[in-house]
Each structure stands twice: as structure tokens, then as C-alpha cells.
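Remarks on the structure that follows.
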Amino acid sequence: MTARSASGSPLHAFLQRPAVSFARVWLLPPLFAAAAVFAYMFMIVPQHARPWYTPPPPKPGKSVIFRSVNRSIQVTDDVTAKATRKAATIAPAPDVRKDTPARGAATASPPPTPAPEPDAEDDIGAAAPRTEAEHDALWERYAATPFAAEPTDAAWAKGQRGLLSQTVNMTRDAAFRGAPDAPTLALRGVECRSVRCEITLAGPYRHELDIMADALADLRWRGATLWRAVERRSVAPEPTSDDSDEAEAETLRLRLVVAFAADLPAPQDLSLGDAPLVRTGAPGVTGAASTARR
34 MTARSASGSP LHAFLQRPAV SFARVWLLPP LFAAAAVFAY MFMIVPQHAR PWYTPPPPKP
94 GKSVIFRSVN RSIQVTDDVT AKATRKAATI APAPDVRKDT PARGAATASP PPTPAPEPDA
154 EDDIGAAAPR TEAEHDALWE RYAATPFAAE PTDAAWAKGQ RGLLSQTVNM TRDAAFRGAP
214 DAPTLALRGV ECRSVRCEIT LAGPYRHELD IMADALADLR WRGATLWRAV ERRSVAPEPT
274 SDDSDEAEAE TLRLRLVVAF AADLPAPQDL SLGDAPLVRT GAPGVTGAAS TARR
């Protein structure tokens with residue numbers, strides 16, 4: 034009775050229909066299998082272990098130009114920080130006089146102490162030489178920059194300025210050694226920035242300026258050229274005032290923009306051709322009686 038009633042129920046009759054029976058036999062098992070596979074792949078298997086996973090392409094490496102610029106900026110920042118530390122000075126302590134005057138007595142302020150005259154030899158030791166990597170990085174950074182726009186490293190510029198003044202003196206003595214008359218040249222100034230310096234020479238005769246410029250360009254250091262680059266500006270008249278005593282004696286000006294091949298080369302290692310440069314006590318281009326003051 035129970036089996037007959039079950040077989041005659043509406044649910045049994047519905048399941049026995051041809052379409053429902055076909056779906057129950059042929060469609061439901063694949064759907065359950067697909068659901069199980071889906072749950073396994075997306076809920077249990079890690080993403081990188083799935084059959085259809087494709088690893089992303091590797092990130093492009095940094096180019097040589099990017100690494101060079103990055104290294105240049107880092108080296109420049111290190112040099113700037115080093116120069117800032119060296120340029121910082123400590124204020125001197127106030128001078129306490131032992132002989133304090135009596136109360137009420139008139140006191141006269143002591144005369145100001147004159148500043149010591151700058152010495153080229155002292156300037157040379159103002160900064161330690163840079164490493165080759167620092168020097169190359171700064172040259173790559175500022176080589177294409179106009180000299181007037183190049184920033185100034187105060188400590189480095191002081192050392193290079195003293196070395197250049199001394200070098201010009203020795204080069205002048207070597208270039209005009211044996212001449213019947215002493216050359217009438219003057220060093221108008223030496224200006225240094227971060228990796229280059231500008232030398233300004235003045236004199237009444239163009240051939241003396243040309244001889245001096247050629248001699249400076251031919252300087253050598255330990256058998257190799259002293260310079261990384263030499264830019265020679267054209268000779269131009271020097272503007273002078275009418276009341277100047279040197280208005281007729283020095284009328285031409287020549288500028289040279291130079292870059293050392295290495296920082297702070299020793300003056301005793303410099304040579305003009307095969308002849309080493311020699312320090313003398315005779316007045317040099319700067320007009321100093323002697324560069325050695327002790």
C-alpha cells in the first residue's frame with residue numbers, strides 16, 4: 034500500500050516525465066562535476082598553480098642613462114654636503130683682556146686686526162681632492178652648461194683658484210724664459226665654479242697673450258695633458274677708465290675656460306713639454322714679490 038501510494042504521488046509522476054528523467058540522468062551529473070571542479074580550482078588551488086595562469090612579464094631594468102644620472106645626482110649631493118660642512122666656521126671666542134682698567138676709567142677700543150693677505154699656497158689646501166668618480170660625474174653634469182650658469186662649490190673653487198694662480202706664474206716664467214724683455218702680462222683674475230675655472234689675462238701685446246695661452250694649453254701632468262677641456266675665448270679690448278694709470282699699458286684681454294683632468298694636481302708634477310715647471314722668487318704674473326711667505 035505504501036509503495037503504491039508513493040509511486041502514484043505527484044512528485045513521482047513529475048520525475049518520471051521524459052524531459053525530467055533525461056535531465057536527471059544526463060545533465061545533473063556534469064553540472065555537479067563542473068561545480069566541484071570550479072570550487073576546487075578557485076577556492077583551493079593557488080592562483081599561480083592554475084593551468085591557465087600566465088606569469089606577468091618582468092619589469093624593464095633601469096637603463097644606463099638612468100643609472101648614470103642617478104649616480105651623478107647622488108655624487109653631486111655628497112660633494113655639496115661635504116663642501117657645506119667644510120665651509121662652516123666656528124665663531125672665535127671673545128678676547129678677554131687680563132689688564133682690566135679701573136672702574137670709571139676711559140677705555141679705548143682696540144684697533145681692528147687686519148685680515149691676513151690670502152696666500153695661493155694656503156688656498157691649495159682648502160679642499161681635499163675629489164675621487165675620480167665624483168670628478169667624472171660632475172663633468173658629465175655640467176660640461177654642456179654655460180660657465181656663467183655653473184654653480185659654485187666654495188671649498189673646491191678656493192683650492193683650484195690657488196693652484197691656478199701658482200700654475201700661471203710658473204708657466205709665464207717657463208714660456209718667456211730667455212726672452213730679451215720681460216713680458217708685460219697681468220693676471221686679471223681666476224674664477225672657479227664646480228668643475229671649471231676661467232682665467233683672465235691682460236696685456237698690451239697680442240702675441241704675448243697668444244704665447245701665454247698656448248703654453249697654458251700645452252701643460253702636462255705626469256706625462257698626460259693637464260686639462261680635461263680648454264676653451265679659448267677671442268682676444269678683446271679691455272674696458273678701462275680715462276684716469277686709469279694702466280689705460281695705455283694693458284689694453285687687451287684674453288679669457289680661458291679650463292677644466293682639470295684631475296683635482297688638485299701637485300705643482301711639482303707639472304711640465305711644459307718635457308721641461309718641468311720651476312718655482313722662482315721673481316715677480317710673477319700676479320705681481321707678488323714672492324709666493325712663499327713665511
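Per the numbering used here, residue 34 is the first one in the sequence shown, and the count goes up by one each step.
For every residue, glycine included, the Cβ atom is placed at its ideal position computed from N, Cα and C.
Computed from a predicted structure; not experimentally measured.
Locate the alpha helix (DSSP H) running through residue i, then write down its first and last residues.
i: Phe-55; result: 51 to 55
i: Gly-195; result: 187 to 208
i: Leu-305; result: Looking at the DSSP string, Leu-305 is not in any alpha helix (DSSP H); the run it does join, the beta strand (DSSP E), is 303 to 305.
i: Ala-68; result: 61 to 76
i: Arg-174; result: 165 to 175
i: Leu-310; result: Here Leu-310 belongs to no alpha helix (DSSP H), and DSSP marks it neither H nor E.
i: Pro-43; result: 43 to 48
Let me know if residue i comes out buried or exposed under the rule of 16 or more other beta-carbons within 10 Å of its beta-carbon.
i: Asp-247; result: exposed
i: Glu-165; result: exposed
i: Phe-293; result: buried
i: His-168; result: buried
i: Gly-256; result: exposed
Report the three-state DSSP secondary structure of residue i (helix, strand or coil).
i: Val-223; result: strand
i: Trp-85; result: coil
i: Glu-231; result: strand
i: Pro-316; result: Summary for Pro-316: the model assigns pLDDT 39, below 50, so the residue's position carries little reliability; its value from the coordinates is reported in the next sentence. Pro-316: coil per DSSP, three-state reduction.
i: Arg-266; result: coil
i: Leu-259; result: coil
i: Asp-213; result: According to the sequence shown, residue 213 is Pro rather than Asp. Here Pro-213 sits in coil by DSSP.
i: Arg-239; result: helix
i: Pro-149; result: With a pLDDT of 40 at Pro-149, under the threshold of 50, the modelled position of that residue is not reliable, and no figure is offered here.
i: Leu-285; result: strand
i: Ala-292; result: strand
i: Arg-299; result: Per the sequence presented here, residue 299 reads as Ala, with Arg not at that position. Correct three-state label for Ala-299: coil.
i: Leu-218; result: coil
i: Ala-161; result: coil
i: Pro-144; result: Any reading at Pro-144 must be qualified, since the residue scores a pLDDT of 45, below 50, and its modelled position is unreliable; the value itself is stated next. Coil at Pro-144, not helix or strand.
What residue range does the beta strand (DSSP E) around residue i cover?
i: Trp-254; result: 252 to 254
Between residue i and residue j, which are expected to be in contact by the criterion C-beta below 8 Å, what is the C-beta distance as a whole number of angstroms?
i: Arg-288; j: Thr-233; result: 5 Å
i: Met-245; j: Leu-218; result: 6 Å
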